[in-house]
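Mapping of the sequence shown onto this note's numbering: residues 68 to 328, in sequence order. Positions of the beta carbon are idealized from the N, C-alpha and C atoms, including for glycine.
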Amino acid sequence: MNAILLGNDQDDLDFEECLTEMPDLVIAGKYEEAQVAQKCLQTTTIDLVVLYDGQPEQDRQELREQLAEQYPQLIVLYITQSGENLERILHQRHTLVLLKPYTRGEIEDKLEMVRLLYQNRRKRIYARTFGYFDLFVDGKPVMFKSAKAKELLAMLIDRQGGTVDSDQIIATLWGDRPKDGATQSLCSKLCKTLQQELKEYDIEELLITSRGNRRINLELLDCDLYDLLAGKEDAGKRYYGEYMTEYDWAVYRNYSLAKYV
């Protein structure tokens, strides 16, 4: 989990100490100006924003509303001494409030709520395309029984949610075979195999089929490729010039990725 801190309050050193003790949490930056913090949000994947009490209430309120609109999955922890506008604040999604003065126990309780929010909103499915292709569910790799079904999924993920018909699948996966009835039947069986393999991991909704076309449900997965194309700085650090190395058809995409690094 990546976090940024906005504001400057020496009284909150106990809070920051507890924050650094959270496992798997990295403080990506501390800022005093909202505009600088927003630049970080545009280039780095941030999960938690901590808003200190040191800024004018109007500025913080506008920033909270802007964050909620632009980054609906972002968790915002609002540290304040005033009980004003609490009802309005708490109606915003993924927003928590820590009231001053607080005890260390109250800090730990609030950070536990942050952790639970993070776990609940995190997508279960992650596709790794840099290097060799793999799919993970809840952090564990999917062990495909059919290598061809795995390649079909890789192709669909490469299309970034775009629809793919049977002819396109055949041309990509069986380019040396004619598009006859036998190959069409083979393609149909492969799509069913992929659906069944995904079902075994309770993620069959990842594959959307409509009138013979297939596509990926982008709302259900995170992917390093998508992060790179979106300009996320941390995604560029994971790309070392290799993309779906095991698939010949992926080389064309790999050529185009260098400009994003």
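Item, Value
"Taking C290 as the reference, which of F200, K246 and E271 has the closest Cα?", "F200"
"Rounding to the nearest angstrom, what Cα-Cα distance links K212 and R282 in this structure?", "21 angstroms"
"How would you label G172, buried or exposed, when you count the other beta carbons within 10 angstroms and need 16 or more for buried?", "exposed"
"Reducing DSSP to helix, strand and coil, say where I94 ends up.", "strand"
"Given that a residue counts as buried once 16 or more other Cβ atoms are within 10 Å of its Cβ, and exposed if not, what is G298?", "exposed"
"CB-CB under 8 angstroms to T87, same chain, minus the five flanking residues each way: which ones, in chain order?", "I94"
"Extract the residue ranges of the beta strand (DSSP E) inside the stretch 141 to 221, only unbroken runs of 3 or more that lie entirely within it.", "142 to 147, 162 to 166, 192 to 195 and 201 to 204"
"Answer yes or no: do Y327 and L295 have a C-beta to C-beta separation smaller than 8 angstroms?", "yes"
"Taking the alpha-carbon positions, what's the R278 to G248 distance?", "18 angstroms"
"Assuming A216 and L253 form a contact by the criterion Cβ under 8 angstroms, report the distance between their Cβ atoms to the nearest whole angstrom.", "So it is not a contact: roughly 12 angstroms between Cβ atoms."
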